[in-house]
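Residue numbers (the working numbering): 779 to 1172.
Glycine included, C-beta positions come from ideal geometry on N, C-alpha and C.
This report concerns only the one structure given below.
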Ligand SMILES: [Zn+2]
């Protein structure tokens, strides 16, 4: 089982300088590799693989002993892999877009300030030392040094990888571990559930339980909208602009942390209660398109807020699904992903195609008005082979 621990790191000033340079050098490598792929495609219509690029590393390092040559070889491979992942996703989107004629943006160069992490293989250019009694652990990175890390919870398992990450002015080390131990199954409950995640509410279960979007997202949305307006007014390059940008980054960090916490708690609740949990395979693009449609004739402010709403919720669904899947795996529970086609528009009782006059309501020609999310959750349960997914049906 794999686990990741995100821990705050406290580099000294000189270490921080070297860490910034590490990120900059990896950013250069990433952009150069992207450049090669672009050119190969533009000039010869040839695609370049990860293997091709990795094979050139030795030469690149030898030619630049004071730059690229100082860094960990395997960490550089990870950065090239990261680009490869971006490309695989890009090609998948291109294939998906062939049917609907939508344009797909080519992967872009990363500006230095946005390149924020480097992944190291543990034991090869990076080393982890657990705390010796106290709370301070240490992570050593090639070309950076031995950095102090605050370990606020125990790190379990064998350390496989270490990631050095910058978020605003803070630094983190993400420790990735693997444990041999099998999952510890929770006692079975004999209960199954279908879950519909949505825009207006966080989720609705086929039992009719509703979990609202947490209040802190609304509060954060207003603060973010306010900061973005201030940023737009501030002169480019001014001190005020820098301050606002930092405040924005901080606000986003808060949102991400609160959201992750909320996802963990919600997933915990579901995994504790149900043996099998059925979810839709996510189509985030489709969902956000619907979300945009609910804001009628938006003024500028509303549009900005709606945009923020989407970005706040967007990252959420995928993260929630993966947290839920991880918790389910370690508890011996089952998560079933069902195809999303028509789960929200067919009546769960008779299967008739419903109309959807409002975002929250569908109307079945036979059964009348239904709560759209509840209907969706029951369809998901049925599609996963869990009956109607209603407790009362037993
Ligand atoms: Zn019906």
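Delimiting residues of the alpha helix (DSSP H) encompassing residue 998: 993-1011
What number of angstroms, rounded off, separates the C-alpha of residue 909 from the C-alpha of residue 929? 7 Å
Rounded to whole angstroms, what is the Cα-Cα separation between residue 905 and residue 792? 19 Å
Pick out whichever of 1002, 1116, 1042, 1035 has its Cα sitting closest to the Cα of residue 1023. 1002
For residue 1042, is the beta carbon positioned less than 7 Å from some heavy atom of ligand 1? no
Cβ-heavy atom distance between residue 1160 and ligand 1 below 7 Å? no
Residue ranges of each beta strand (DSSP E) within the stretch 881-940, 3 or longer: 895-899, 904-907, 914-919, 923-928
Closest residue to residue 1143 among 1029, 789, 1131 (Cα-Cα distance): 1131
Residue from 853, 1019, 883 with nearest C-alpha to residue 864: 883
For residue 996 and residue 1025, I'd like the C-alpha separation in whole angstroms. 17 Å
Say yes only if the C-beta of residue 1128 is nearer than 7 Å to one or more non-hydrogen atoms of ligand 1, and no if none qualify. yes
Among 847, 779, 1159, the one whose alpha carbon lies nearest that of residue 836: 847
Run the CB neighbour count on residue 821, radius 10 Å, all protein chains shown included, and call it buried at 16 or more, exposed below. exposed
Inter-residue CB distance, residue 988 and residue 979 (contact presumed, cutoff 8 Å): 6 Å
Whole-angstrom distance between residue 1095 and residue 1029, CA atom to CA atom: 20 Å
Any heavy atom of ligand 1 closer than 7 Å to the CB of residue 1123? no
Evaluate residue 825 with the Cβ neighbour count: other Cβ atoms within 10 Å of its Cβ, from every protein chain shown; 16 or more gives buried, anything less gives exposed. exposed
Taking 8 Å as the threshold, find out whether the stretch 1153-1165 comes into contact with the stretch 1044-1060 through three or more Cβ pairs. yes
Using DSSP with H/G/I as helix, E/B as strand and the rest coil, what is residue 1015? coil
Between residue 941 and the rest of its own chain, which residues show a CB-CB distance below 6 Å, the 5 nearest in sequence each way excluded? 895, 897, 952
Am I right that residue 916 and residue 857 are in contact with their C-beta atoms under 8 Å? What's the rounded C-beta distance? Actually they are not in contact, since the Cβ atoms of residue 916 and residue 857 sit about 23 Å apart, beyond 8 Å.
Express the C-alpha separation of residue 819 and residue 1036 in angstroms, rounding to a whole number. 42 Å
Touching by the beta-carbon criterion (3+ pairs, under 8 Å), the stretch 922-937 and the stretch 787-801: yes
Distance, residue 871 Cα to residue 877 Cα: 11 Å
Do you know offhand how far residue 1111's Cα is from residue 1105's? 8 Å
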